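Shown next, in structure tokens, is the structure this report addresses.
Number of protein chains: 2
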Amino acid sequence: MKIALDAMGGDNAPGINVEGALMAVEEYGDISVELVGDSEALWKRLSAVRNYDKQRITVKHASEVVGMDESTSHALRKKKDSSIRVAVDTVKKGAAEAVVSAGHSGVTMATALTVLKKAPGVDRPAIAVLMPTVKGRFLLIDAGANVDCKPENLLQFALMGSAYYKAVFGVTEPKVGLMSIGEEDTKGNELTKEVFKLLKTANINFIGNIEGKDVFTGLADVVVCDGFIGNTILKVSEGLAEAIMKMLKAEISGRVASKLGYLLMKPAIKGFKRRTDYDESGGAPLLGINGTCIIGHGRSTSKAIKNALKVANQLATVNINKVISGEIAMLQKNIDEREQEIADS
Amino acid sequence: MKIALDAMGGDNAPGINVEGALMAVEEYGDISVELVGDSEALWKRLSAVRNYDKQRITVKHASEVVGMDESTSHALRKKKDSSIRVAVDTVKKGAAEAVVSAGHSGVTMATALTVLKKAPGVDRPAIAVLMPTVKGRFLLIDAGANVDCKPENLLQFALMGSAYYKAVFGVTEPKVGLMSIGEEDTKGNELTKEVFKLLKTANINFIGNIEGKDVFTGLADVVVCDGFIGNTILKVSEGLAEAIMKMLKAEISGRVASKLGYLLMKPAIKGFKRRTDYDESGGAPLLGINGTCIIGHGRSTSKAIKNALKVANQLATVNINKVISGEIAMLQKNIDEREQEIADS
Numbered sequence: 626m627k628i629a630l631d632a633m634g635g636d637n638a639p640g641i642n643v644e645g646a647l648m649a650v651e652e653y654g655d656i657s658v659e660l661v662g663d664s665e666a667l668w669k670r671l672s673a674v675r676n677y678d679k680q681r682i683t684v685k686h687a688s689e690v691v692g693m694d695e696s697t698s699h700a701l702r703k704k705k706d707s708s709i710r711v712a713v714d715t716v717k718k719g720a721a722e723a724v725v726s727a728g729h730s731g732v733t734m735a736t737a738l739t740v741l742k743k744a745p746g747v748d749r750p751a752i753a754v755l756m757p758t759v760k761g762r763f764l765l766i767d768a769g770a771n772v773d774c775k776p777e778n779l780l781q782f783a784l785m786g787s788a789y790y791k792a793v794f795g796v797t798e799p800k801v802g803l804m805s806i807g808e809e810d811t812k813g814n815e816l817t818k819e820v821f822k823l824l825k826t827a828n829i830n831f832i833g834n835i836e837g838k839d840v841f842t843g844l845a846d847v848v849v850c851d852g853f854i855g856n857t858i859l860k861v862s863e864g865l866a867e868a869i870m871k872m873l874k875a876e877i878s879g880r881v882a883s884k885l886g887y888l889l890m891k892p893a894i895k896g897f898k899r900r901t902d903y904d905e906s907g908g909a910p911l912l913g914i915n916g917t918c919i920i921g922h923g924r925s926t927s928k929a930i931k932n933a934l935k936v937a938n939q940l941a942t943v944n945i946n947k948v949i950s951g952e953i954a955m956l957q958k959n960i961d962e963r964e965q966e967i968a969d970s
Numbered sequence: 626m627k628i629a630l631d632a633m634g635g636d637n638a639p640g641i642n643v644e645g646a647l648m649a650v651e652e653y654g655d656i657s658v659e660l661v662g663d664s665e666a667l668w669k670r671l672s673a674v675r676n677y678d679k680q681r682i683t684v685k686h687a688s689e690v691v692g693m694d695e696s697t698s699h700a701l702r703k704k705k706d707s708s709i710r711v712a713v714d715t716v717k718k719g720a721a722e723a724v725v726s727a728g729h730s731g732v733t734m735a736t737a738l739t740v741l742k743k744a745p746g747v748d749r750p751a752i753a754v755l756m757p758t759v760k761g762r763f764l765l766i767d768a769g770a771n772v773d774c775k776p777e778n779l780l781q782f783a784l785m786g787s788a789y790y791k792a793v794f795g796v797t798e799p800k801v802g803l804m805s806i807g808e809e810d811t812k813g814n815e816l817t818k819e820v821f822k823l824l825k826t827a828n829i830n831f832i833g834n835i836e837g838k839d840v841f842t843g844l845a846d847v848v849v850c851d852g853f854i855g856n857t858i859l860k861v862s863e864g865l866a867e868a869i870m871k872m873l874k875a876e877i878s879g880r881v882a883s884k885l886g887y888l889l890m891k892p893a894i895k896g897f898k899r900r901t902d903y904d905e906s907g908g909a910p911l912l913g914i915n916g917t918c919i920i921g922h923g924r925s926t927s928k929a930i931k932n933a934l935k936v937a938n939q940l941a942t943v944n945i946n947k948v949i950s951g952e953i954a955m956l957q958k959n960i961d962e963r964e965q966e967i968a969d970s
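Residue numbers (our numbering), protein chains in the order written: chain E, 626 to 970; chain L, 626 to 970.
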């Protein structure tokens, strides 16, 4: 499987991207990477590496780079030869199966949408992010692609998330929860109350409303919400985890015994970090487009890039967006049949 | 200052309520508590206490109790002699200055609203919750009273939160941030974009949008959002903090050195818990009604009750709702004057 990697994307590009690509090719026999970006800079990095599979790491030149602070519309209109655009184009042309970028996430998303287009039947593609729970992980969808949503959008998010979880983790009936502020059926805001009704009759394993306090216990495999809520949950969690570690450290400093204790606990803390680390999940797919697109964190490490390439490979292998279109077509068929029955009666 | 305490409210009532009241009276010379609930049960508990100021702890009988799972409308209509209702009535009659309940929070809120009514000029009373930051704390408003909001509601939340922070912490110009999913002025959903414009011209120290990752760094003193978002942030934070501690413990178990490390770190962990503990903040006020009402957590300990009584005393002393009405009247005056100017020109 060939994956186009936006080699200029991310805070530490192109270094971490080249390293991540080398790691992925070394670890996974079925991955090839096309590094897209400033070919001179990329070849310089590659030429310093003694041993790597030259068949499976290639370079494609792109003359421009999208900065992290650029406006999305400007980048879309003016930078037709940016590394992210060329990487996405590679997928469009069929020269690569998937694209990965740790660059400007808004631009990555917009470019993927514009060039690859929505998958058949999908109204609003959505970002799906894996987050850790005490037992394992849950999928949060939408994590920020759509800030204002209609009930039907969230129904599609639920279908896409369920299909993803099934395809990637082999869980036959993923438990789908609707993010709300009370477990009871009647709790929520106008939007979630409407969504609740739709999810109840959808062909998924809907377990009802789920509250913020329960998402990390692993009650649901897939948590559905609009992109404003999802992005807030994602960022609040990131901020809180960092704050907790800072507060713990502040309490430790000045306490000699605690310092020693912290040193002794280091392996446990490392293990904990491995469970919660962004690097492990690699990146978040934009689901519901014609092609596989993984959006990485701007702060990605080489390990995060390696894992993003792994996820891209997995999703392209199962052909996730075809699966999703199939699910949505089935849903539409059910709705049409029900309407027909009502019309006939 | 006399405070009516719903002695039957909370998971461990009435025990923790009686204990909390005794602690508050002992610690704060200016607090008296009226315990409201099953007088027989309450007197039984009190009679077992050797020494307490009998002038400052009194009992008022209420024959009914609202269960944690009861529907709000049922409790409001049918349980006119519930401990929470009688406690709120006490404030209405002027026999107490404030009311505290760790019982059914929906019923507490609805009862306070129905009996005490909205403060002049306030459209939607809101719940304000203090949350810890690396440096200190921030106030989250609305934390769950209003799930669907208009832009004007959030403007009032900002004014109420700012007034509260000023009055309780003596900060002259609290920094007010608008919860959004990007720092830039133009980021957000339809609601927050409208609110942004209103806050820019309001008479508060508005610092712009604030993202989830920054709320715990102490960037803002007051964070404004609708009640659905606020409640989600509150519960996700609660859930994540618990999950992090569980995951750390799971990593520690099985590692002998880490276990020893954990023991050595205990004082630091205790210090950390003190900073983040719900017990410390006591409870959350419902701002914007005629009277002071503090909503405690169902899982309140006696210490949480003591602190809730302290907060009730503080807010009643500064007459927070009069302050709020004053701020809102001033805002309305400014709006009217501006409209008059436009009409005149």
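Just so it is clear, CB atoms sit at the ideal spot from N, CA and C, and this is done for glycine as well.
Bear in mind that the values here come from a model prediction, so they are computed numbers and not experimental data.
Minimum C-alpha distance to residue i - residue among the options
i	options	result
E:L765	E:H729, E:V849 and E:G833	E:V849
L:P757	L:T842, L:C774 and L:K743	L:T842
L:K928	L:E962, L:G635, L:E644 and L:N814	L:E644
E:R762	E:V793, E:I967 and E:E695	E:V793
L:L630	L:G837, L:A727 and L:K775	L:A727
L:T811	L:V716, L:L889 and L:F821	L:F821
L:K703	L:T736, L:V716 and L:K717	L:T736
E:P892	L:E876, L:L889 and L:I894	L:E876
E:K860	L:G795, L:K838 and L:T739	L:K838
E:G921	E:V801, E:L888 and E:I752	E:I752
L:G807	E:N959, E:K627 and E:G731	E:G731
E:F853	E:I919, E:D773 and E:V796	E:D773
L:A700	L:V674, L:A673, L:A868 and L:M734	L:M734
L:V661	L:A673, L:A646 and L:N828	L:A646
E:E652	E:E695, E:T715, E:K931 and E:N944	E:K931
E:S708	E:M804, E:E964 and E:M633	E:M633
L:A933	L:S906, L:I829, L:I953 and L:G923	L:S906
L:I945	L:L956, L:G640 and L:T917	L:T917
E:G864	L:K627, L:E836, L:M870 and L:L784	L:E836
E:V801	E:K818, E:A783, E:L755 and E:G795	E:A783
E:N778	E:I894, E:V713, E:S970 and E:I953	E:I953
Where residue i meets chain L, residues with beta-carbon distance less than 7 Å
i	result
E:S883	L889, M890, P892 and A893
E:S862	V861 and L865
E:G908	Under the 7 Å cutoff, chain L gives no residues; its nearest Cβ is about 18 Å from E:G908.
Interface partners of residue i on chain E, CB under 9 Å
i	result
L:L844	Within 9 Å Cβ-Cβ: nothing; L:L844 doesn't reach chain E, min ~10 Å.
L:F853	S805, I806, G813, N814, L816, T817 and I854
L:T857	M804, S805, I806, E836, G837, C850, I854, T857, I858 and V861
L:G692	The contacting residues do not exist; L:G692 stays about 14 Å from chain E at best.
Partners in chain L for residue i, counting only beta-carbon separations shorter than 8 Å
i	result
E:A866	L865 and I869
E:G766	Here residue 766 of chain E is Ile; the residue named in the question, Gly, does not match the sequence. Neighbours of E:I766 on chain L: none; closest Cβ ~15 Å, over 8 Å.
E:G654	The premise fails here: E:G654 is roughly 32 Å from chain L at the closest Cβ pair, so nothing lies under 8 Å.
E:G833	Within 8 Å Cβ-Cβ: nothing; E:G833 doesn't reach chain L, min ~16 Å.
Proximal chain E residues relative to residue i, where beta-carbon distance stays under 8 Å
i	result
L:V840	V861 and G864
L:G635	Within chain E, no residue comes near L:G635; the closest Cβ sits about 17 Å away, beyond 8 Å.
Neighbour list for residue i in chain L, Cβ cutoff strictly below 9 Å
i	result
E:E644	Within 9 Å Cβ-Cβ: nothing; E:E644 doesn't reach chain L, min ~26 Å.
Interface residues of chain E facing residue i [CB-CB closer than 7 Å]
i	result
L:E836	K860
L:R880	P892 and A893
L:G728	Ordered by position in chain E, no residue passes the 7 Å Cβ test against L:G728, which lies about 16 Å from the chain.
Residue i: contacting residues in chain B (beta-carbon distance under 8 Å)
i	result
E:T733	Protein chains in the displayed structure are E and L, and chain B is not among them.
Q) Touch check for the region 933 to 952 of chain L and the region 774 to 791 of chain L: three-plus C-beta pairs under 8 Å? A) yes
Q) Closer than 8 Å, Cβ to any Cβ of chain E: which residues of the region 922 to 956 of chain L, in chain order? A) For the region 922 to 956 of chain L, which is checked against every Cβ of chain E, not one residue is closer than 8 Å.
Q) On the three-pair Cβ rule with 8 Å, is the region 875 to 895 of chain L touching the region 679 to 693 of chain L? A) Taking 8 Å as the limit for Cβ pairs, the verdict is that the region 679 to 693 of chain L does not touch the region 875 to 895 of chain L.
Q.
As an exercise, report each continuous beta strand (DSSP E) stretch of at least 3 residues that is fully enclosed by the region 860 to 933 of chain E, in chain order.
A. 908 to 912 and 917 to 921
Q) With contact counted as at least three CB pairs below 8 Å, one residue from each stretch, are the region 718 to 732 of chain E and the region 927 to 945 of chain E in contact? A) yes
Q: Determine, using beta-carbon pairs with one atom in the region 646 to 657 of chain E and one in the region 669 to 683 of chain E, whether at least three such pairs fall under 8 Å.
A: yes
Q. Which residues, taken in chain order from the region 770 to 786 of chain E, show a beta carbon closer than 8 Å to some beta carbon of chain L?
A. V772 and D773
Q. Given a limit of 9 Å on CB to CB distance, which residues of the region 787 to 814 of chain L reach chain E?
A. M804, S805, I806, G807, K812, G813 and N814
Q) Are three or more beta carbon pairs between the region 745 to 760 of chain E and the region 912 to 924 of chain E nearer than 8 Å? A) yes
Q) What runs of the alpha helix (DSSP H), each 4 residues or longer, lie entirely inside the region 817 to 844 of chain E? A) none
Q | alpha helix (DSSP H) segments (min. 4 residues) lying fully within the region 723 to 796 of chain E | A | 730 to 741 and 776 to 794
**Q.** Runs of alpha helix (DSSP H) wholly within the region 645 to 687 of chain L (minimum 4 residues, chain order)
**A.** 664 to 672
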